[in-house]
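Colleague: Residue numbers for the sequence shown follow the working numbering, so the first one is 423 and each next one is one higher.
Please find one structure pasted underneath; my questions will follow.
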Amino acid sequence: MRAVDALMECLKAEGVDVVFGLPGGANLPTYDAFYDAGIRHILVRHEAGGGHAAEGYAKATGRVGVALATSGPGATNLVTPICDAMMDSVPVVFLTGQVRTELLGTDGFQEADTIGITMPIVKHSFMIQHPLEIPRAVHEAFHIARTGRPGPVVVDIPQDLSRADIPYEPVRDLHLPGYQPTTDGNQKQIRLAAKALANARRPVLYVGGGVVAAGASAELIELATVDGLPVTCTVMGLGAFPAPHPQWLGMLGMHGTRTANYSMDEADLIVAIGARFDDRITGKLSEFAPRAKFIHIDIDPAEISKNVPAHIPIVGDARNILPRLTAEYRALTPDPARLEEWWTRIRRWQERHPLAYEDSTDAEIKPQYMIQALYEATGGDAVVVSDVGQHQMWAAQYFHFAKPRRWINSGGLGTMGFGLPAAMGAKVGCPDETVVCIAGDGSVQMNAQELATCAQEQIPIKVFIMNNGYLGMVRQWQELFWDKRYSAVDMGDWPDFVKLAEAYGATGLRLEDKRTLVSDMREALATEGPVVVDVRVTREENTFPMIPAGQAARDMVG
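Here you go:
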């Protein structure tokens, strides 16, 4: 059969039920194979939209997402989603077309060195040099993407090789000698961690997106509830531990709660699980958690002691390690009374520093209230996909996530334009779930063209735009740190989002009255098909609390 038909057989063998892509000259053979393959293909309007949709699908389902693009500009348009997937450890296979082999290196039409361009931002990549390599490369790509620390894998296929006839036999065995992720964790280290935890007087469990990726939420809850251990999550880890829980400190980091950040600052033991101590969490690294010892559990050995030296490192899969840590901890029968003084201090912080804002007294919609209203309108039961900006942080603060894979956002790269296509992918992967996208008037315009995809493919996402007429987070920084010298942040009153939605075949609504906001949102959620809701909020409102960049957690403002 043709190599591209073998490619389709490989995708089906990997359980692929949908591919997001856009055809072009170099991947035309692949699209011809789709004609008979029986795999759903969703035609996106921009390759970046396809890449983010594959990410949204992967984050919502836990399965590997697939995005397809042609050579040259098609592949370079995938650079941002590839980098985004790398930063957030998202399992996506990116299949790119390439010019014919005799044109490689000649600056042929739509030629680009896709492998070279993406090399620093992939988990692995394959440049196909013979058609017989395609089946094994595809299966290895999926294996690498989903195992160990998940991540993006690129497979670049020259057009002439994809058309060649090959004898196809299913690949039954995968053996990659140079790729053997450590998943079990060292039992001696786990025992040491249990002893440290049993002796700690001021412990905190610091949970990242790795717990969600590992499917280890239940195991985390079991560990935390053995002895009433305080838990905080990064923006990527939200939902790994249920937010409406007495041991929940709130999100930590730059826009986290004062309770979470103060607890980290005064902890004597921090147990980092699937988290990487990035700058949004640590603030000024030299002053981060000065009293603490660190246990660091992570699937990726490169992350351990990268930013913060680990006293007890444990390399492995959280789902394998946490039950054993819990068992070792239980066996030590630690005295729960040792934590009473710590919890007294934590409760005092919670009482003194709750998340709060000054609400309006009239019809004006404060952005924080918009999130609270959406939480009420959905009953908290929705997959929430956020774009990047102030709205992302308010959503993280005020929408309380009780389960994993219900909160999808771009954390590490902070990619504006991520939200709408990622919501599209999440809805395709979870068709029975309510999927809402929370976007800003700036970020939503970066991939608004995917509304056409939603209309054509009947993907009924609900997009709620927090419209303040500004690039809000940049404006906030200019207000606080640049003497209010507002430069290139005023978005004006364009476009008319209601008309834009209607032009794309979606329903458009505009909401401006706080008093009817919850009922209006319920109406939007009940409307069939894709819906865009333009919610006009307070024009200049800041996201607080906040750790100014490069400062310590104890220096929070707002």
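Think of the CB as a built atom: it goes at the ideal place given N, C-alpha and C, for glycine as much as any other residue.
Per the contact definition of three or more C-beta pairs closer than 8 Å, is the stretch 872 to 880 in contact with the stretch 497 to 511?
Modeller: The stretch 497 to 511, when compared against the stretch 872 to 880, does not touch it at the 8 Å Cβ threshold.
Colleague: If distances are taken between C-alpha atoms only, which option among 512, 776, 966 comes closest to residue 812?
Modeller: Closest by alpha carbon: 966.
Colleague: How about the stretch 856 to 865 and the stretch 878 to 894: do they share at least three Cβ pairs that are nearer than 8 Å?
Modeller: With a cut-off of 8 Å, the stretch 878 to 894 and the stretch 856 to 865 count as touching, because enough Cβ pairs lie within range.
Colleague: Any idea which residues DSSP pairs residue 715 with across the strands?
Modeller: Answer is 691, bridged to residue 715.
Colleague: What does the Cβ neighbour count give for residue 423, buried or exposed, with the cut at 16 atoms within 10 Å?
Modeller: It counts as exposed.
Colleague: Would a C-beta distance cut-off of 8 Å place residue 418 and residue 826 closer than the cut-off?
Modeller: Missing from the structure shown is residue 418; the chain here goes from 423 to 980 and no further.
Colleague: Under the three-state reduction of DSSP, which class applies to residue 458: helix, strand or coil?
Modeller: Helix at residue 458.
Colleague: On the DSSP letters alone, give me the boundaries of the alpha helix (DSSP H) that residue 619 sits inside.
Modeller: Per DSSP, residue 619 belongs to the alpha helix (DSSP H) from 609 to 621.
Colleague: Hey, could you find the ends of the beta strand (DSSP E) residue 628 is sitting in?
Modeller: Counting along the chain, the beta strand (DSSP E) containing residue 628 begins and ends at 625 to 629.
Colleague: Could you pull out every residue in the same chain whose Cβ sits closer than 6 Å to the Cβ of residue 442, ignoring the five residues on either side in sequence?
Modeller: Answer for residue 442: 464, 466, 472, 475, 476, 489, listed in chain order.
Colleague: Can you give me the C-alpha to C-alpha distance between residue 954 and residue 439, rounded to a whole angstrom?
Modeller: The straight-line gap from Cα to Cα measures roughly 27 Å.
Colleague: Quick one: give me the first and last residue of the beta strand (DSSP E) that residue 509 is part of.
Modeller: Premise fails: residue 509 lies in the alpha helix (DSSP H), 501 to 509, not in any beta strand (DSSP E).
Colleague: Check for me: the alpha helix (DSSP H) holding residue 907 runs from which residue to which?
Modeller: Residue 907 -> no alpha helix (DSSP H), and no H or E assigned at all.
Colleague: In angstroms, rounded to a whole number, what distance separates the CA positions of residue 655 and residue 576?
Modeller: When rounded, the distance between both Cα atoms is 31 Å.
Colleague: Tell me whether residue 890 sits in a helix, a strand or coil according to DSSP, three-state version.
Modeller: Of the three classes helix, strand and coil, the one that applies to residue 890 here is coil, per DSSP.
Colleague: Determine the contact status of residue 478 and residue 830, defining contact as a CB-CB distance below 8 Å.
Modeller: Result yes, Cβ atoms of residue 478 and residue 830 sit closer than 8 Å.
Colleague: Identify which residue in 437, 928, 551, 767 has its Cα closest to the Cα of residue 886.
Modeller: Residue 886 has its Cα closest to that of 928, out of 437, 928, 551, 767.
Colleague: Just how far apart, CA to CA, sit residue 860 and residue 444?
Modeller: Using only the alpha carbons, I get a separation of about 26 Å.
Colleague: Can you name the start and end residues of the alpha helix (DSSP H) that residue 470 belongs to?
Modeller: Counting along the chain, the alpha helix (DSSP H) containing residue 470 begins and ends at 469 to 483.
Colleague: Quick check for students: name the residue ranges of the beta strand (DSSP E) that lie wholly in the stretch 717 to 779, counting only runs of 3 or more.
Modeller: Correct list: 734 to 737.
Colleague: What's the C-alpha gap between residue 705 and residue 890?
Modeller: Taking the straight line joining both Cα atoms gives about 28 Å.
Colleague: With distances taken from CA atoms, which of 781, 778, 828, 719 is nearest residue 802?
Modeller: Checked all of 781, 778, 828, 719; the closest Cα to residue 802 is 828.
Colleague: Taking the alpha-carbon of residue 839 as reference, which of 599, 761, 469, 461 has the nearest alpha-carbon?
Modeller: Here the closest residue by C-alpha is 469.
Colleague: Distance, Cα to Cα, residue 502 vs residue 461?
Modeller: Cα-Cα distance, rounded: 25 Å.
Colleague: Using a threshold of 8 Å, state whether the C-beta atoms of residue 792 and residue 913 are closer than that.
Modeller: It is not a contact, given that the beta carbons lie outside the stated cut-off.
Colleague: Just to confirm, is the Cβ distance from residue 852 to residue 483 under 8 Å?
Modeller: Result yes, Cβ atoms of residue 852 and residue 483 sit closer than 8 Å.
Colleague: Between the Cα of residue 805 and the Cα atoms of 737, 790, 821, which residue gives the shortest distance?
Modeller: That would be 821, whose Cα lies nearest to the Cα of residue 805.
Colleague: At which residue ranges does the stretch 836 to 892 contain complete alpha helix (DSSP H) runs of 4 or more residues, listed in the order of the chain?
Modeller: DSSP runs (the alpha helix (DSSP H)) wholly in the stretch 836 to 892: 841 to 851, 872 to 879.
Colleague: What does the Cβ neighbour count give for residue 564, buried or exposed, with the cut at 16 atoms within 10 Å?
Modeller: Flag for residue 564 reads buried.
Colleague: Touch check for the stretch 682 to 699 and the stretch 622 to 634: three-plus C-beta pairs under 8 Å?
Modeller: Flag = yes, the stretch 682 to 699 and the stretch 622 to 634 touch.
Colleague: Taking residue 880 as the reference, which of 428, 871, 915, 951 has the closest Cα?
Modeller: Cα-wise, what sits closest to residue 880 is 951.
Colleague: From residue 898 to residue 756, what does the alpha carbon distance come to, in whole angstroms?
Modeller: Rounded to the nearest angstrom, the two C-alpha atoms are 46 Å apart.
Colleague: In chain order, what residues of the same chain lie with their CB nearer than 8 Å to the CB of residue 673, ignoring the 5 residues before and after it?
Modeller: Taken in chain order, the residues that qualify are 654, 655, 656, 657, 660, 679, 682, 818, 819.
Colleague: Going by alpha carbons, who is nearest to residue 761 out of 732, 850, 619?
Modeller: Residue 619 is the option with its Cα nearest to residue 761.
Colleague: Residues in its own chain within less than 6 Å of residue 732 by CB, not counting five upstream and five downstream?
Modeller: For residue 732, where only same-chain residues beyond five positions count, the Cβ hits under 6 Å are 716, 718, 726.
Colleague: For residue 770, count neighbouring Cβ atoms within 10 angstroms of its own Cβ and tell me buried if that reaches 16, exposed if not.
Modeller: With fewer than 16 Cβ atoms within 10 Å of its Cβ, residue 770 is classed as exposed.
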